[in-house]
Amino acid sequence: SQQGEEDPQALSIQEGENATMNCSYKTSINNLQWYRQNSGRGLVHLILIRSNEREKHSGRLRVTLDTSKKSSSLLITASRAADTASYFCATDPRDDKIIFGKGTRLHILP
Amino acid sequence: EPEVTQTPSHQVTQMGQEVILRCVPISNHLYFYWYRQILGQKVEFLVSFYNNEISEKSEIFDDQFSVERPDGSNFTLKIRSTKLEDSAMYFCASSLVRGDGLHFGNGTRLTVT
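Sequences listed follow chains A and B, in order.
All residue numbers for the first sequence refer to our numbering, where the first residue is 1 and numbers rise by one.
All residue numbers for the second sequence refer to our numbering, where the first residue is 1001 and numbers rise by one.
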């Protein structure tokens, strides 16, 4: 069954603005991860937040997790052209099957 | 930085033919995965592999698919009789610890004609 679902499907913002992407999931999880994919390339792991954590930072990335609402958000601050990519959340639902959502396509406008 | 490598980068095959997609995971990693992505859409889980056996597989991973770690470094995905709908990007991934972030290769684009 589908786990993570990102929202919005696509997002265009001006360079320098903040980008927020959301992810909702259905079942209990051990952790939630965010990945980036540049066109035609493999996915790159960005950040992992465990089910007992509420917020985590890494550079310009801020991830929140609300297990009561089964949702997470990824905030990219001060966006740059190089941030243009697709962003996926992935959930680890307590088995060895890490499931990805459909992704958010982020486009940073110059 | 160590990386996951996949070969070939692009494979074209005729319907009904067997294909083997190859991956070399990061050397000290213990958990191995195959995913596929059709036309830049969602990334679909196929199979996970640990301790020389399949630990989880999806509905997509039917008896036409198999995985093997033949020599302690390579991790292969075999599709016995390809169908048109098997056309996709196939990604290999590995991790050191279960539940850790996955390291992905750059994928093999499989085109079935």
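Glycine is no exception: its CB is placed at the ideal position from the N, C-alpha and C atoms.
Check: Please list the segments of the alpha helix (DSSP H) lying wholly inside the region 1002-1086 of chain B, counting only runs of 4 or more residues, in order along the chain.; Outcome: none
Check: Please name the residue, chosen from B:E1056, B:N1074 and B:L1084, that lies closest to L1021 of chain B on a Cα-to-Cα basis.; Outcome: B:N1074
Check: Just to make sure I have the definition right: I need the residues of chain A whose C-beta is within less than 7 Å of the C-beta of N1106 of chain B. Which are they?; Outcome: R41 and G42
Check: Any idea if Q1041 of chain B is buried or exposed, counting beta-carbon neighbours within 10 angstroms, 16 or more meaning buried?; Outcome: exposed
Check: My output table needs one value for S1 of chain A: the three-state DSSP class, helix, strand or coil.; Outcome: In this prediction, S1 of chain A has a pLDDT of 46, which is less than 50 and means its spatial position is unreliable; nothing more can be read from the coordinates.
Check: Since G1105 of chain B contacts T1005 of chain B with CB under 8 Å, what's their CB separation in whole angstroms?; Outcome: 6 Å
Check: For the beta strand (DSSP E) that contains E55 of chain A, what are its first and last residues?; Outcome: E55 to S58
Check: I'd like to confirm the pairing. Which residues does DSSP put opposite D92 of chain A in its beta bridges?; Outcome: A:N31
Check: What's the call for N112 of chain A, buried or exposed, on a 16-neighbour Cβ count within 10 Å?; Outcome: The shown model of chain A, from 1 to 110, leaves out residue 112 of chain A, and the question about it has no answer.
Check: Which residues in the same chain have their Cβ closer than 7 Å to the Cβ of L65 of chain A, if we skip the five residues on either side of it in sequence?; Outcome: L32, I49, E53, R54 and S72
Check: Using a Cβ-Cβ cut-off of 7 Å (strictly less than) and excluding sequence neighbours within five positions of L1084 of chain B, which residues of its own chain qualify?; Outcome: M1015 and V1112
Check: Which residues does DSSP list as the beta-bridge partners of Q14 of chain A?; Outcome: A:L109
Check: When the Cα atoms are used, what is the spatial distance from S1 of chain A to F1045 of chain B?; Outcome: Low per-residue confidence applies at S1 of chain A: pLDDT is 46, beneath 50, and the placement is therefore not dependable enough to give any value.
Check: Tell me whether D66 of chain A sits in a helix, a strand or coil according to DSSP, three-state version.; Outcome: strand
Check: Would you say E1053 of chain B and D96 of chain A are within 8 Å of each other, going by their C-beta atoms?; Outcome: no
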